[in-house]
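Numbering (my numbering), first residue to last: 39 to 370.
Even for Gly, the Cβ is constructed at its ideal location relative to N, Cα and C.
A quick write-up on the structure given underneath.
This is the structure we're talking about:
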């Protein structure tokens, strides 16, 4: 049995024995990430991960003292801060609006996710953690002091509750045209299937709870425009159905009948910005960067909800205590 088959069997076992839906969804995510960590070519060539990979290779030699100004002086945090500032500096020299906005969206997801994973307080509410706050303050300072034209500014979200889900959905829509079974074994295709299955749950929650596709014209809500698409072609439910069809062809020995849109190969080239004539593909659709106002409003709403739940709980405990005291007096 090879490694992939072992992973698939483990996934099936956990699925059959899971007591909660979340267990299976986490398993799907874990299986997908195994491919990423093992530098599996099926994932390393996907558009989103190519872009993040390029960010991770940016120079850390840039030194204008901003990181040190905010107390970020040691180890990986200092390197990460300098890398982020280098990317922002590069963005400021990108004068094509579409290209710059596209890179900014990538940066926003990359930066917040890196802070969440590497420089947060146990991956929870990293806006309350000093080091992560310093990192956000450093890039905000760079934006304010080095970008006189607001259109060149590129901020990042401090909302720890939303960062991971929004990045995962954004990456899915970037990668979806490359998610197919062409030239793959059944087991390899199953890994993609598990990934889309994980995304499907996030998609439904954002569509229903955040009303990302509530507009009558079918357009995505502005607050979701940095990570979501309402195009039904890319609804994970439909992608899952297509993957099932392709896996069935593989089982029947007809994998040669699997066809995909070869235009997506154009996205893998680094020559210029994608041609507008092929903008119908999801990888060429334009996500919109979050501006500073939207980012802060989102964070404030999240904190209001969190604080509201705490306050409601405290009131409930207080009222329950009063009721208990009264009942105790009556029964004495």
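Hey, would you say residue i sits closer than 9 angstroms to residue j, going by beta carbons?
i	j	result
residue 130	residue 167	no
residue 194	residue 177	yes
residue 219	residue 110	no
residue 272	residue 208	no
residue 213	residue 84	yes
residue 127	residue 99	no
residue 230	residue 222	yes
residue 261	residue 253	no
residue 285	residue 224	yes
residue 196	residue 263	no
residue 140	residue 325	yes
I need the DSSP call for residue i, collapsed to helix, strand or coil.
i	result
residue 91	helix
residue 172	helix
residue 276	helix
residue 267	coil
residue 146	helix
residue 258	coil
residue 72	For residue 72, the predicted structure reports a pLDDT of 47, less than 50, and the residue's modelled location is therefore unreliable. A value from the coordinates is still provided. Looking at residue 72 - three-state DSSP - the assignment turns out to be helix.
residue 327	coil
residue 185	coil
residue 130	helix
residue 208	helix
residue 112	coil
residue 359	helix
residue 281	helix
residue 20	Residue 20 lies beyond the range of the chain shown here (39 to 370); nothing can be said about it.
residue 218	coil
residue 158	coil
residue 102	coil
residue 298	coil
residue 307	Low confidence applies to residue 307: its pLDDT is 46, below 50, so where it sits in the model is not reliable enough to give any reading.
residue 138	helix
residue 194	coil
residue 120	helix
residue 227	helix
Mind checking whether the beta-carbon of residue i lies closer than 8 angstroms to any heavy atom of the ligand ADP?
i	result
residue 230	The ligand ADP is absent from the structure shown, which contains no ligand whatsoever.
Could you give the C-beta distance for residue i and residue j, rounded to a whole number, given that I count them as a contact under 8 angstroms?
i	j	result
residue 257	residue 268	7 angstroms
residue 274	residue 192	Contact doesn't hold; Cβ gap of about 28 angstroms is too wide.
residue 123	residue 180	5 angstroms
residue 138	residue 198	At roughly 27 angstroms, the Cβ-Cβ gap does not stay under 8 angstroms, so residue 138 and residue 198 are not in contact.
residue 299	residue 215	7 angstroms
residue 288	residue 227	7 angstroms
Would a check of beta-carbon distances place residue i closer than 9 angstroms to chain B?
i	result
residue 207	Protein chain content of the structure displayed is limited to a single chain, and chain B is not contained in it.
Would the region 199-206 and the region 173-188 be scored as touching if the rule is three or more Cβ pairs under 8 angstroms? no
Measuring CB atoms only, is the region 141-150 touching the region 85-94, in the sense that at least three cross pairs come out at less than 8 angstroms? yes
Three or more C-beta pairs closer than 8 angstroms, one from the region 230-239 and one from the region 264-283: is that the case here? yes
Validate contact between the region 170-178 and the region 105-115 using beta carbons, cut 8 angstroms, 3 pairs: yes
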